[in-house]
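A.B. asks: Residue numbers (this note's numbering): 18 to 131.
(1) Exposed or buried, which one is residue 122 when buried takes at least 16 other CB atoms within 10 Å?
(2) Could you tell me which residues DSSP pairs with residue 91 in its beta bridges?
(3) Which residues mark the beginning and the end of the alpha helix (DSSP H) in which residue 102 is found?
(4) Give the single residue among 41, 29, 90, 66 whose Cα lies nearest to the Cα of residue 114.
(5) If you check the beta carbons only, do residue 34 and residue 55 fall under 8 Å apart?
(6) At what residues does the alpha helix (DSSP H) containing residue 36 begin and finish?
(7) What are the boundary residues of the alpha helix (DSSP H) that residue 46 is part of?
(8) With DSSP as the reference, identify every bridge partner of residue 74, one or two as the case may be.
(9) Using the Cα positions of residue 125 and residue 44, report the straight-line distance between them to the nearest angstrom.
(10) Have a look at 95, 86, 83 and flag the residue whose alpha-carbon is nearest the alpha-carbon of residue 77.
(11) Out of 82, 98, 101, which has the shortest C-alpha to C-alpha gap to residue 92?
Set out below in structure tokens:
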């Protein structure tokens, strides 16, 4: 919600999409079957989770054998942590990674699912 409050033009676009799909006014609640007809809302959710991941790290994993990982030697029984925040803010992957841009998920090959 904070990102939408900071970007009122995006909130207006989201409200228009909801009104188009559900009709204006509180006629009914959004149902799961409506989600596929709300691509901008989906993009807002994805961008919010990208910009503000719910957890900074994934659950650690432990190697069961020696491995080479991205050119690094990782001994057996080493805990490996994945830094989600760094991945979702990597400028080599995301254009303007610190900016709230839901449109990046529209008509794009970039996608991620939980």
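Built from N, CA and C at the ideal position, the CB exists for glycine as well.
C.D. replies: Taking the structure as given:
(1) In summary, residue 122 is buried, with 16 or more beta-carbon neighbours lying within 10 Å of its beta-carbon over all protein chains present.
(2) Partner(s): 84.
(3) In the DSSP assignment, residue 102 falls within the unbroken alpha helix (DSSP H) covering 101-105.
(4) 66
(5) yes
(6) That run of the alpha helix (DSSP H) goes 25-39.
(7) Element bounds for residue 46: n/a, residue is neither H nor E.
(8) 100
(9) 32 Å
(10) 95
(11) From the listed residues 82, 98, 101, the smallest Cα separation to residue 92 is found for 82.
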